[in-house]
Amino acid sequence: MAQAPNRKVKSEWKETIAKTLDVTTYQVERLLNQYNADRLCETSGVERGGKEYHCIL
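If you want this note's numbering, it's the position in the sequence shown, counting the first as 1, plus 4.
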């Protein structure tokens, strides 16, 4: 996707991916942005468990 020669080709690729995954092109764009920012769980490495929970001692 990053090596798309122009915007038209990139949008065609996004539409193809969206049809394959059965999601909207907007969701594909969001996933790409998360991937590029390294915020996807699959690409961000190991996170510790219980990160969203706060312990009160």
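Backbone N, C-alpha and C fix where the C-beta goes; we use that ideal spot for every residue, glycine too.
All of these numbers come straight from a predicted model, not from anything done at the bench.
By the Cβ-count criterion, residue 18 is buried, with 16 or more other Cβ atoms from all chains shown falling within 10 Å of its own Cβ.
Remark: C-beta atoms of residue 32 and residue 22 approach each other more closely than 8 Å.
Look at residue 40 here: in three-state DSSP terms it is helix. When rounded, the separation of the alpha-carbon atoms in residue 10 and residue 26 is 24 Å.
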